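Residue numbers (full-length UniProt numbering): 1 to 333.
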């Protein structure tokens with residue numbers, strides 16, 4: 001986030017480079033930087049003649065270079081943005097010749113999503129020298145709740161820890177999807193608000209009491225009554241709580257619990273680092289480890305694999321989600 005913000009700040013301050021090569025697994029920052037350049041670098045009256053948006057699947061490197069070498073019309077510079085440039089993966093190195101001698105009145109933005117640029121290749125070194133090379137890395141799940149808090153802080157909001165975890169559990173690590181949901185909350189909540197699980201339930205539709213986060217916690221505590229209430233809710237709302245997602249999350253939890261049992265150092269800091277989890281969850285693993293010895297955890301993981309196949313209709317008659325969830329709970333607890 002900080003590196004992306006710095007790129008935008010530099011552009012605002014007039015430190016504009018002729019080439020921005022944006023690549024990596026996380027599209028959110030790539031789209032954000034490209035969108036800022038597209039909207040802000042030229043005045044509206046300049047865009048008609050001096051801004052070109054190309055798509056990797058529709059053009060060649062020669063097309064990109066030809067557009068980049070044009071001179072601006074009645075403006076200081078022109079902007080050429082190449083979206084979905086990953087479609088040019090086989091020929092992207094051919095861009096090196098242009099990068100070595102760029103048109104200084106052109107700002108060329110290359111959005112190379114879901115790919116890495118080989119650091120050994122000349123293109124990488126050439127872009128480093130002539131322009132801005134930005135890698136947008138995928139966030140680990142244990143970092144997403146912190147990202148949500150920082151993002152909201154920049155917008156004048158705060159969020160409770162449980163609410164941030166709830167969003168992460170439900171939306172995963174897709175920052176674009178998370179950002180869309182945060183924008184929905186901004187529309188209905190005044191600035192300086194603290195976003196709570198109740199706000200998320202009311203405006204996004206994620207139940208604060210009946211979700212995979214609470215189910216995982218209940219199972220870890222061997223709270224059969226609470227776990228049963230949650231799976232009954234899931235059974236009544238199958239579209240919002242797909243069985244495959246529940247099994248996947250529980251499998252991840254018990255796999256990490258198996259790792260926990262194998263650790264020599266069970267201090268919170270060591271556990272959070274080894275399991276790549278938010279420190280907030282360490283207590284849950286400590287509780288679950290007391291309730292599920294290592295041998296039991298191995299058995300649960302095996303059962304979860306079996307239930308995952310059943311949920312996909314492999315080697316079993318088609319069962320209702322309610323039956324699958326009940327069987328799942330019995331096998332675990």
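Don't be surprised by glycine CBs; every beta carbon is placed ideally from N, CA and C.
On a predicted model such as this, the values are computed, not experimentally measured, just so you know.
Residue 332: member of the alpha helix (DSSP H) spanning 321 to 332, first to last residue. The count of Cβ pairs closer than 8 Å, one atom from the region 141 to 151 and one from the region 173 to 189, reaches three, so the stretches are in contact. Secondary structure of residue 137 (DSSP, three-state): coil.
Residue range 78 to 83 is occupied by the beta strand (DSSP E) that includes residue 81. In this chain, the alpha helix (DSSP H) harbouring residue 260 covers 243 to 262.
A residue is called buried when at least 16 other Cβ atoms come within 10 angstroms of its Cβ; residue 91 does not meet this threshold and is exposed. In the three-state scheme derived from DSSP, where H, G and I count as helix and E and B as strand, residue 24 is classed as strand.
Rounded to the nearest whole angstrom, the C-alpha separation of residue 328 and residue 304 is 7 Å.
Within its own chain, the residues whose Cβ lies closer than 6 Å to the Cβ of residue 162, once the five positions on either side in sequence are excluded, are 197, listed in chain order. In this structure residue 294 is not in contact with residue 250, their Cβ atoms being roughly 17 Å apart against a cut-off of 8 Å.
Nearest to residue 234 by alpha-carbon distance, out of 174, 323 and 253, is 323.
Under the criterion of beta carbons closer than 8 Å, residue 81 and residue 109 qualify as touching, at roughly 4 Å.
Per DSSP, residue 109 is one residue of the beta strand (DSSP E) stretching across 106 to 113. Collapsing the DSSP output to three states places residue 54 in a strand. Listed as beta-bridge partners of residue 89 by DSSP are no residues whatsoever.
In the three-state scheme derived from DSSP, where H, G and I count as helix and E and B as strand, residue 231 is classed as helix. Non-local beta-carbon contacts of residue 171 in its own chain, meaning distances under 6 Å to residues more than five positions away in sequence, involve 177 and 178 in chain order.
Comparing alpha-carbon positions, the option among 273, 125 and 213 lying closest to residue 165 turns out to be 213. Between the region 57 to 76 and the region 30 to 41 there are fewer than three C-beta pairs closer than 8 Å, too few to call the two in contact. Residue burial annotation: residue 102 is buried, with at least 16 other C-beta atoms found within 10 angstroms of its C-beta. For residue 171, the enclosing alpha helix (DSSP H) has its first and last residue at 161 to 171. When DSSP states are grouped into helix, strand and coil, residue 158 belongs to the strand group.
Distance from residue 46 to residue 85 at the Cβ level is roughly 24 Å; contact not present, criterion being Cβ atoms closer than 8 Å.
Residue state for residue 19 is assigned as strand, using DSSP reduced to three classes. Comparing alpha carbon positions, the residue from 263, 107 and 216 closest to residue 41 is 107. Here residue 194 carries a strand assignment [DSSP, helix/strand/coil].
The C-beta distance from residue 26 to residue 139 rounds to 7 Å, short enough to fall under 8 Å. The continuous alpha helix (DSSP H) containing residue 290 extends over residues 282 to 291.
If the five residues before and after residue 308 are omitted, its C-beta is found closer than 6 Å to the C-beta atoms of 247, all from its own chain and listed in chain order. CA-to-CA, the gap between residue 120 and residue 134 works out to about 16 Å.
The Cβ atoms of residue 285 and residue 260 sit closer than 7 Å to each other. Taking 7 Å as the cut-off, the Cβ atoms of residue 56 and residue 136 do not count as close. As the crow flies, the alpha-carbon of residue 200 is around 40 Å from that of residue 79. In this structure, the beta-carbon distance from residue 111 to residue 30 falls below 7 Å.
A Cβ-Cβ separation of about 3 Å places residue 19 in contact with residue 131 under the 8 Å criterion.
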